[in-house]
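Residue numbers (the working numbering): 12 to 344.
As C-alpha cells, the structure follows; a few thoughts come after it.
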Amino acid sequence: MQDRYGHRISYLRVSITDRCNERCTYCMPHELQEWLPREEILNFEETLRLIRIATDLGVSKVRITGGEPLTRRGVLDLIRELPKIPGLRDIGLSTNGTLLAREVEPQRTMAAALRSASVRSVNISLDTLNRNVYSEITGRDLHPQVLNGIDAAITAGFDQIKLNTVLMRGRNEDQLIPLIEFAAARNLILRFIEMMPVSTREVLGDENFISISQAKRVIESRYGSLIPEPEFRTNGPASYYQIPSRQQRIGFIGAMTNLHFCESCNKLRLTCDGKLRPCLGSYLEFDIMKPLRAGASDEELKQFFLDVVDRKPEQHDFRDNYKPGRKMVAIGG
Ligand code: SAM
Ligand code: SF4
C-alpha cells in the first residue's frame with residue numbers, strides 16, 4: 012500500500028481497548044471517562060481479520076496498543092493468534108507497564124507470556140522516577156508496579172524494550188538526566204516525546220510544553236553534543252542519537268517542532284471501535300466496522316484499506332490549530 016505522497020504503509024497500530032487503569036492528564040480528560048459499550052468494540056475475530064487483510068496489502072508490523080491493552084480481557088488469546096498471520100513479521104506492544112509483572116499463570120509473568128507469544132518489542136511509558144509526580148501525572152499510585160513491570164520485561168528477554176517519556180514543563184523537566192541514567196543502567200532505549208494536542212486544553216498550553224530542542228540542550232549541557240544516528244530507525248518517526256563516550260542511544264519524537272516528522276510515515280491506525288485513521292494528527296477517520304459487520308468480502312475490505320491510504324494526508328495538522336476531537340486513549344497512541 013502506498014499513498015499519493017509516496018508513503019509506503021507497512022505498519023499498523025491496533026488499539027484493542029479505549030479503557031485504561033490510569034488517567035494520564037495529557038491523554039485522558041479529567042471529566043468522567045465513559046467507556047465505549049462492548050458491542051461497539053471490535054471482537055478478536057474481527058480484529059484478526061482486519062490485521063490479516065492489512066498484511067495481505069503489505070503490512071508487516073503490528074503494534075498492539077490502547078488505552079491500556081493489557082487491561083483487555085483475553086489479550087493473550089488475541090496476541091497468540093498473531094504469529095499465525097502470514098506476512099506478519101514483527102509484533103510490538105505499547106503499555107504503561109503496570110500489568111507486565113502480574114502473574115498470569117503460576118510462576119509466569121504477563122511479560123514472559125507475551126514474549127513466548129512472539130511479541131518482539133515493548134514500549135513502556137515512564138514519565139518520571141518520582142512516585143508522587145507519577146501519581147499526579149497518571150492519577151494512580153502505580154509507580155512501583157511499573158518499575159516491577161520493567162524488570163519483568165527485561166527478564167522476559169524481548170528483542171527491544173523502549174521507555175517513552177512525554178515531556179511536560181512543571182512536571183518532569185528535572186527528570187531528563189535521571190531517566191537517562193535509569194535507562195543506561197538497564198541498557199534500554201529511552202525516547203522523549205513532545206506533548207501533542209490530543210487531550211483537554213488545560214494540559215496542552217505553551218506553559219506545559221517542552222520542545223525536543225529544549226530537552227536536547229539540557230541533555231547536552233550534561234553529556235556534551237549528542238551524535239546523530241540517522242541510519243538507526245525503529246519503524247517510527249523518532250530520531251536517534253548516541254550519548255558521547257558511552258554506549259547509550261536515546262530518541263526524540265518531535266511531532267510538534269520537527270517539520271520533517273511526517274516524511275517517512277509508514278503507519279495506519281485501527282481504533283478499537285473499528286475506525287481506520289490514516290494519521291494520528293488529523294481528524295480523518297473511516298468506519299471499517301460498518302462494512303465488516305454488514306458482511307463485506309475480503310476484497311471489499313481490502314479496497315476500503317486502499318481508499319483510506321489514498322486519503323492519507325501529506326502531513327499532520329497538529330501545528331495548525333488542530334482541535335482535539337478525540338482523546339488519545341480512544342485513538343491508540
Ligand atoms: N497505555 C499505553 C501507554 O501508556 O503506553 C499505550 C497507549 S498510550 C495512548 C501510547 C503512548 O501515547 C504513551 O507513550 C503515551 O505517553 C503517549 N501519549 C498519550 N497522550 C499523549 C499526548 N497528548 N502527547 C504525546 N504523547 C502522548
Ligand atoms: Fe492510559 Fe496510556 Fe493514556 Fe496513560 S497514556 S491514560 S496509561 S492509555
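Glycine included, each C-beta is placed from N, C-alpha and C at the ideal position.
Keep in mind that this is a model prediction, so the values were computed, not measured.
Buried versus exposed call for ASP138 [16 or more other C-beta atoms within 10 Å across all chains shown]: By the 10 Å Cβ count, ASP138 comes out buried.
List the endpoints of the continuous beta strand (DSSP E) containing ARG15. First-last for ARG15: undefined, no H or E at that position.
Around the C-beta of TYR294, are 16 or more other C-beta atoms found within 10 angstroms, so that it is buried, or is it exposed? exposed
Taking buried to mean at least 16 other C-beta atoms within 10 Å of its own C-beta, is ASP29 buried or exposed? buried
Cα-Cα separation, ARG348 to ILE188: A question about residue 348 goes unanswered here, because the residues of the chain that appear run from 12 up to 344.
Under 8 Å: do the region 53-70 and the region 311-326 share three or more Cβ pairs, one atom per stretch? yes
Is DSSP giving TYR252 helix, strand or coil here? strand
For the alpha helix (DSSP H) holding VAL144, just list the boundary residues, first then last. 142-149
May I have the straight-line CA-CA distance separating ASP14 from GLU296, to the nearest angstrom? 15 Å
Span separating the alpha-carbon of GLU92 from that of GLN225: 43 Å
Whose C-beta lies closer than 8 Å to the C-beta of ASN332 among residues of the same chain, with five residues either side of it excluded? Below a pLDDT of 50, predicted positions are generally treated as unreliable, and ASN332, at 47, falls in that range; no measurement from the model is reported.
Three-state secondary structure (DSSP) of PRO302: helix
Is GLN386 near GLU242, with beta carbons less than 7 Å apart? Here the chain comprises residues numbered 12 to 344, so residue 386 is not present and cannot be evaluated.
Backbone CA spacing between ARG322 and ASN143 [nearest angstrom]: 44 Å
From the DSSP output, which residues share a beta bridge with VAL73? LEU23 and ILE102
From PRO324 to LEU89, what distance separates their C-alpha atoms? 31 Å
By the 10 Å Cβ neighbour count, where 16 or more other Cβ atoms means buried, how is ARG19 classified, buried or exposed? exposed
Residue of ARG260, GLN259 and GLU274 minimising C-alpha distance to ALA266: GLU274
Verify the contact flag: THR139, CB atom, against every heavy atom of the ligand SAM, threshold strictly below 6 Å. no
Taking the alpha carbon of THR36 as the point to measure from, which residue in ILE238, ASN219 and SER308 has its own alpha carbon closest? ASN219
Residue burial classification, ASN248 (beta-carbon count within 10 angstroms, cutoff 16): Reading off the sequence, residue 248 comes out as Pro, not Asn. Its Cβ being crowded by 16 or more others within 10 Å, PRO248 is buried.
Examine the ligand SF4 and report whether any of its heavy atoms sits within less than 6 Å of the Cβ of GLY78. Result yes, Cβ under 6 Å from the ligand SF4.
Looking at MET39 and the ligand SF4, is the gap between the Cβ and the nearest heavy atom below 6 Å? yes
Heavy atom of the ligand SAM within 6 Å of SER136 beta-carbon: Because some heavy atom of the ligand SAM lies under 6 Å away, the Cβ of SER136 counts as near it: yes.
So for ILE200, helix, strand or coil by DSSP? strand
Just checking, does the region 75-83 make contact with the region 104-121 on the three C-beta pairs under 8 Å criterion? yes
Since ILE96 contacts THR58 with CB under 8 Å, what's their CB separation in whole angstroms? Contact doesn't hold; Cβ gap of about 11 Å is too wide.
With a threshold of 6 Å, establish whether the CB of ASN159 neighbours any heavy atom of the ligand HEM. This structure lacks the ligand HEM; the ligands present are the ligand SAM and the ligand SF4.
Beta carbon of LYS278, beta carbon of TYR22: below 7 Å? Yes, Cβ-Cβ distance for LYS278 and TYR22 is below 7 Å.
Suppose contacts are defined by Cβ-Cβ distances below 7 Å. Is ALA169 in contact with SER132 by that definition? According to the sequence as given, residue 169 is Phe; it is not Ala. It is a contact, given that the beta carbons lie within the stated cut-off.
Where HIS154 falls, given that 16 or more other Cβ within 10 Å makes a residue buried: buried
Measuring only the C-alpha atoms, how far is TYR145 from GLU33? Their Cα atoms are separated by approximately 11 Å.
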